[in-house]
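Colleague: Sharing a structure here in structure tokens format.
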Amino acid sequence: MKAWIAVLLLAITLPVTASATRQVDIGNSAGTLTGSASGLSVSDSTLTMVNNLYGTGLITGDLGTVSFTTAALTSGSVETGGTFGPGGSFTVTGNGTNGVADGTMFTGTWTGTVTWTMITLADGSHNYNLTGVVTGTVFTEYRSYSASGVTFQLTVNTGTGFFNGSIPLSSGNLNILCHPY
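Position one of the sequence shown corresponds to residue 718 (the numbering used here), numbered consecutively onward.
Right under this line is the structure:
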């Protein structure tokens, strides 16, 4: 009888262990950030890094694309910094390279205010950072997970000028915590 109980307990705990929460890092680089007070968008940033999505550790290379749009500006300005409201979209799409899925890997939306920060460097030139919380769904080969996390997107230096509607994106990172459904 005791052996039967041990087998039952093992059967109950295995699915819990197999469906544990996991932290995933996704990196991107390049592309063009465009926009106005109506919102910012990137459609062509290269997916360059995926860590811990498939349980295989770090995968690098030209792995697909990262794209996003924000909602409209709610305060400040696109030239000097401000905040965008919740909404818009954030999508990571794999291209099937190096073991990464061919298709949508993450799809979500900005769920809080999105901060657009202008940083003036010592030489008077400007960089911009876009940060915010995203919530959505991560898709793997075998299942999907609800996910929430933070993204940080860094622009290329604009010189002494300000954001004027288009700027190269330098790099970005999406750090998400995945929860099984």
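Glycine included, every Cβ here is placed at the ideal spot set by N, Cα and C. Here the structure is a predicted model, which is why all the values come from computation and not from measurement.
1. Are G805 and W827 touching if we call contact CB-CB under 8 Å?
2. Kindly list the residues whose CB is nearer than 7 Å to the CB of N769, restricted to its own chain and excluding five residues on each side of it in sequence; keep chain order.
3. Return helix, strand or coil for G798, following the three-state DSSP convention.
4. Just confirm the distance between the C-beta atoms of T791 and T800, as a whole number of angstroms; I'd bet it's less than 8 Å.
5. In this structure, how does DSSP classify T830 when only helix, strand and coil are distinguished?
6. CB L780 to CB V817, shorter than 8 Å?
7. Going by CA-CA distance only, name the one from V809, I836, N815, T814 that's closest to T824.
8. If you follow the beta strand (DSSP E) that G805 is in, where does it begin and where does it stop?
9. Name the residue from R860, E796, T797, F807 whose alpha carbon lies nearest to the alpha carbon of T786.
10. What is the DSSP secondary structure of N815, counted as helix, strand or coil?
11. In whole angstroms, give me the CA-to-CA distance for A747 and P897.
12. Helix, strand or coil for V873 per DSSP?
13. Does the distance from the CB of N874 to the CB of N844 come in under 8 Å?
14. Please list, in chain order, all residues of the same chain as E796 whose beta carbon is under 7 Å from its beta carbon, the five residues on each side excluded.
15. Under a three-way DSSP split, which group does N890 fall into?
16. How is R739 classed by DSSP in three states: helix, strand or coil?
17. Just to confirm, are S758 and G889 a CB contact at a threshold of 8 Å?
18. Using a Cβ-Cβ distance cut-off of 8 Å, determine whether T852 contacts chain D.
Modeller: Walking through what the data contain:
1. By 1-based counting over the sequence shown, the position of residue 805 is 88. By 1-based counting over the sequence shown, the position of residue 827 is 110. In contact: G805 and W827 (Cβ atoms closer than 8 Å).
2. The residue you call residue 769 lines up with position 52 of the sequence shown. Closer than 7 Å at Cβ, skipping near neighbours: R739, Q740, V741, D742.
3. By one-based count along the sequence shown, residue 798 stands at place 81. Under the three-state reduction of DSSP, G798 is assigned to strand.
4. Working through the sequence shown from its first residue, we reach residue 791 at position 74. Working through the sequence shown from its first residue, we reach residue 800 at position 83. Going by Cβ atoms, the distance from T791 to T800 rounds to 5 Å, so yes, they are a contact pair.
5. As a working mapping, residue 830 is identified with position 113 in the sequence shown. Three-state DSSP puts T830 in coil, outside helix and strand.
6. Taking the first residue of the sequence shown as position 1, residue 780 is located at position 63. Taking the first residue of the sequence shown as position 1, residue 817 is located at position 100. Contact flag set, yes.
7. As a position in the sequence shown, residue 824 is number 107, starting the count at 1. If you compare the alpha carbons of V809, I836, N815, T814 with that of T824, the shortest gap goes to V809.
8. Taking the sequence shown and counting its residues from 1, one reaches residue 805 at position 88. Residue range 804-812 is occupied by the beta strand (DSSP E) that includes G805.
9. As a working mapping, residue 786 is identified with position 69 in the sequence shown. Ranking R860, E796, T797, F807 by Cα distance to T786 puts F807 first.
10. Counted from its first residue, the sequence shown places residue 815 at position 98. The answer is helix: DSSP assigns N815 an H, G or I state.
11. As a position in the sequence shown, residue 747 is number 30, starting the count at 1. As a position in the sequence shown, residue 897 is number 180, starting the count at 1. Answer to the nearest angstrom: the Cα atoms are 31 Å apart.
12. Taking the first residue of the sequence shown as 1, we reach residue 873 at position 156. V873: coil per DSSP, three-state reduction.
13. On the sequence shown, position 157 is the one that residue 874 refers to. On the sequence shown, position 127 is the one that residue 844 refers to. Taking 8 Å as the cut-off, the beta carbon of N874 is found closer than this to the beta carbon of N844.
14. Numbered from 1 along the sequence shown, position 79 holds the residue referred to as residue 796. Within the same chain, F879, F880 come within 7 Å of E796 by CB-CB distance, once the 5 residues on both sides are set aside.
15. Locating residue 890 in the sequence shown gives position 173, counting from the first residue. N890: strand per DSSP, three-state reduction.
16. Within the sequence shown, residue 739 is the residue found at index 22, counting from 1. Secondary structure at R739: strand, using DSSP grouped into helix, strand and coil.
17. Along the sequence shown, read from residue 1 onward, the residue named residue 758 stands at position 41. Along the sequence shown, read from residue 1 onward, the residue named residue 889 stands at position 172. No, the pair does not count as a contact, with Cβ atoms beyond the cut-off.
18. This model lacks chain D altogether; it includes just one protein chain.
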